[in-house]
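For reference, the structure discussed in these notes is given below.
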Amino acid sequence: FEEGDVILTTRNDYASNYILFLSLQQRFGIRIEIAPELPVGGVDAEAMIRLIRTQHPRLVSVTQIPTNSGLVQEVASIGRVCRDEGVLYIIDACQSVGQRVVDVGEIPCDFLSVTSRKFLRGPRGSGFLYVSDRVLDLGYAPLILDMRGADWMEEGQYRLVDDARRFENWEFAWALVLATGEAARYASEIGLSVIQQRVKKLSGSLREALGQIEGVHVLDRGQELGGIVTLWVEGWDPADLVIRLRERNINTSSQVRSSAVLDYDDKGVTGSLRFSPHYFNTEDELDRAVDVFKDVLRTGH
Numbered sequence: 124f125e126e127g128d129v130i131l132t133t134r135n136d137y138a139s140n141y142i143l144f145l146s147l148q149q150r151f152g153i154r155i156e157i158a159p160e161l162p163v164g165g166v167d168a169e170a171m172i173r174l175i176r177t178q179h180p181r182l183v184s185v186t187q188i189p190t191n192s193g194l195v196q197e198v199a200s201i202g203r204v205c206r207d208e209g210v211l212y213i214i215d216a217c218q219s220v221g222q223r224v225v226d227v228g229e230i231p232c233d234f235l236s237v238t239s240r241k242f243l244r245g246p247r248g249s250g251f252l253y254v255s256d257r258v259l260d261l262g263y264a265p266l267i268l269d270m271r272g273a274d275w276m277e278e279g280q281y282r283l284v285d286d287a288r289r290f291e292n293w294e295f296a297w298a299l300v301l302a303t304g305e306a307a308r309y310a311s312e313i314g315l316s317v318i319q320q321r322v323k324k325l326s327g328s329l330r331e332a333l334g335q336i337e338g339v340h341v342l343d344r345g346q347e348l349g350g351i352v353t354l355w356v357e358g359w360d361p362a363d364l365v366i367r368l369r370e371r372n373i374n375t376s377s378q379v380r381s382s383a384v385l386d387y388d389d390k391g392v393t394g395s396l397r398f399s400p401h402y403f404n405t406e407d408e409l410d411r412a413v414d415v416f417k418d419v420l421r422t423g424h
C-alpha cells in the first residue's frame with residue numbers, strides 16, 4: 124500500500140478487518156471508503172460498483188455475512204466488476220461456509236477467508252484461505268514469508284512456490300487441520316444446499332417468533348437473511364441474558380458496540396443478543412428456546 128491508495132468496504136465489515144484497515148491508514152496514509160447501504164439494509168451493490176469504477180480502489184473487502192447480523196450481503200456482482208477492472212477483491216466468508224453454498228466459481232474473488240469454528244462446526248484456531256490464480260500469476264505474496272511459501276535459492280535470492288502454499292506458514296497444528304477437513308467432509312456429505320434451506324427455515328421462524336415478544340427488537344435487516352438472529356431487548360444487557368439463558372440450557376451469545384460500530388450506531392443500540400440455529404436443531408428446540416426466553420424476561424431469572 125502507498126499513500127492515497129483506497130480500500131473500499133461496507134458498513135458491515137468484520138471488526139478485525141476494519142481495525143487492520145485503520146492500522147494501514149495510520150501507517151501508510153491510505154483512504155478507507157465505505158459504500159452506502161440499501162434502504163432495506165446491506166450494501167448497495169450498484170453504488171459500490173460505481174465507486175469501484177470511479178475511485179479505482181487498491182482493494183475491495185466485503186464480509187458476506189457479518190458477525191453482528193443475519194444479513195447476507197450481495198458479493199457476486201461486485202466480484203465480476205472487480206475482475207473486469209483488475210481490482211483485488213477479498214470476501215470474509217467466516218459466517219457463510221457451513222450454513223450456505225459458497226462457490227468461488229460463481230463468486231469471482233481473489234481471496235476468500237474461512238474459520239473452522241463457526242457454522243462449519245470445526246475446531247477453534249483453524250481455518251482456510253482460497254487464493255485465486257490471478258493473485259498467484261501477479262506474484263502477490265504475504266509480507267511474512269518462510270520456507271513453506273518460498274525456497275531459498277542463493278545467498279541473495281529466494282523463489283516463491285507456484286501455488287497458494289505461499290500464503291501458509293511452515294508450522295501447522297495438524298490435529299486442527301485434520302479436524303477441519305473432517306468437519307468439511309461432514310457438511311459436504313449432508314449437502315450445503317440442504318443445510319442452507321434448513322438454516323433459512325429455522326432462523327426465519329425463530330426470528331418471527333422472537334420479534335412478536337413485547338420489548339424485543341429484531342435487528343436483522345437486508346434483502347436476504349441467513350442463520351444469525353440478533354436482538355435488542357429493552358431494559359436488558361445482552362450479556363446478562365446470555366447468562367440467564369445458559370442457566371436454562373439455552374446457548375446464545377452477545378456482542379457489544381465495538382464488534383460492529385457502524386452497524387450498531389446506525390441501529391441505535393449498544394450491542395445485541397444472538398441466536399444461531401443450525402441444521403441439527405429441531406423445531407421443538409426452537410419453541411423451547413422461545414418459551415424460556417419469554418420466562419426469563421417475565422421473571423428476571
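First residue of the sequence shown? That's 124 in the numbering used here, and the numbers climb one at a time after it. Cβ atoms here follow ideal geometry from the backbone N, Cα and C, with glycine treated the same way.
Endpoints, beta strand (DSSP E) assigned at residue i
{"i": "Arg271", "result": "Taken as a continuous stretch (DSSP letters only), Arg271 belongs to no beta strand (DSSP E), as it is neither H nor E."}
{"i": "Ser113", "result": "Outside the shown range of the chain, which is 124 to 424, sits residue 113, and nothing can be said about it."}
{"i": "Leu354", "result": "Val352 to Val356"}
{"i": "Tyr281", "result": "Gln280 to Leu283"}
{"i": "Val339", "result": "Val339 to Val341"}
{"i": "Ile188", "result": "No beta strand (DSSP E) holds Ile188; DSSP gives it neither H nor E."}
{"i": "Thr132", "result": "Val129 to Thr132"}
{"i": "Gln346", "result": "Neither: Gln346 is in no beta strand (DSSP E) and is coded neither H nor E."}
{"i": "Val379", "result": "Ser376 to Val379"}
Whether residue i touches residue j by CB criterion (7 Å)
{"i": "Ser249", "j": "Ser236", "result": "no"}
{"i": "Pro180", "j": "Leu147", "result": "no"}
{"i": "Val379", "j": "Gly358", "result": "no"}
{"i": "Trp293", "j": "Met270", "result": "yes"}
{"i": "Glu156", "j": "Gln178", "result": "yes"}
{"i": "Ser316", "j": "Val224", "result": "yes"}
{"i": "Ile142", "j": "Phe124", "result": "no"}
{"i": "Arg369", "j": "Val419", "result": "no"}
{"i": "Pro361", "j": "Ala302", "result": "no"}
{"i": "Arg371", "j": "Val300", "result": "no"}
{"i": "Val163", "j": "Gln335", "result": "no"}
Residue i versus residue j: straight-line alpha-carbon distance, rounded
{"i": "Lys324", "j": "Val185", "result": "25 Å"}
{"i": "Tyr387", "j": "Tyr402", "result": "28 Å"}
{"i": "Arg444", "j": "Val258", "result": "The structure shown does not extend to residue 444, since the chain spans only 124 to 424, so no value can be given for it."}
{"i": "Asp286", "j": "Val210", "result": "20 Å"}
{"i": "Arg173", "j": "Val384", "result": "25 Å"}
{"i": "Tyr137", "j": "Glu278", "result": "41 Å"}
{"i": "Ser381", "j": "Val341", "result": "19 Å"}
{"i": "Thr133", "j": "Asp410", "result": "35 Å"}
{"i": "Val322", "j": "Val413", "result": "17 Å"}
{"i": "Ser326", "j": "Leu333", "result": "10 Å"}
{"i": "Ile351", "j": "Ser192", "result": "6 Å"}
{"i": "Phe242", "j": "Asp274", "result": "36 Å"}
{"i": "Met171", "j": "Gly423", "result": "45 Å"}
Whole-angstrom C-beta distance between residue j and residue i, which should lie under 8 Å
{"i": "Phe398", "j": "Leu329", "result": "6 Å"}
{"i": "Leu194", "j": "Asp389", "result": "So it is not a contact: roughly 12 Å between Cβ atoms."}
{"i": "Gln187", "j": "Ala216", "result": "5 Å"}
{"i": "Arg244", "j": "Ala199", "result": "So it is not a contact: roughly 25 Å between Cβ atoms."}
{"i": "Val284", "j": "Tyr253", "result": "Incorrect: roughly 16 Å between the Cβ atoms, too far for contact."}
{"i": "Ile318", "j": "Gln222", "result": "6 Å"}
The alpha helix (DSSP H) enclosing residue i, as first and last residue numbers
{"i": "Ile318", "result": "Leu315 to Gly334"}
{"i": "Ile153", "result": "Taken as a continuous stretch (DSSP letters only), Ile153 belongs to no alpha helix (DSSP H), as it is neither H nor E."}
{"i": "Val413", "result": "Glu406 to Thr422"}
{"i": "Gln178", "result": "Ala168 to Gln178"}
{"i": "Arg203", "result": "Ala199 to Glu208"}
{"i": "Arg367", "result": "Pro361 to Glu370"}
{"i": "Asp430", "result": "Outside the displayed span of the chain (124 to 424) sits residue 430, for which this structure offers no information."}
Ordered list of beta strand (DSSP E) runs contained in the segment 214-268, each at least 3 residues: Counting only unbroken stretches of 3 or more residues, the beta strand (DSSP E) elements lying wholly within the segment 214-268 are 234-238 and 250-254, in sequence order.
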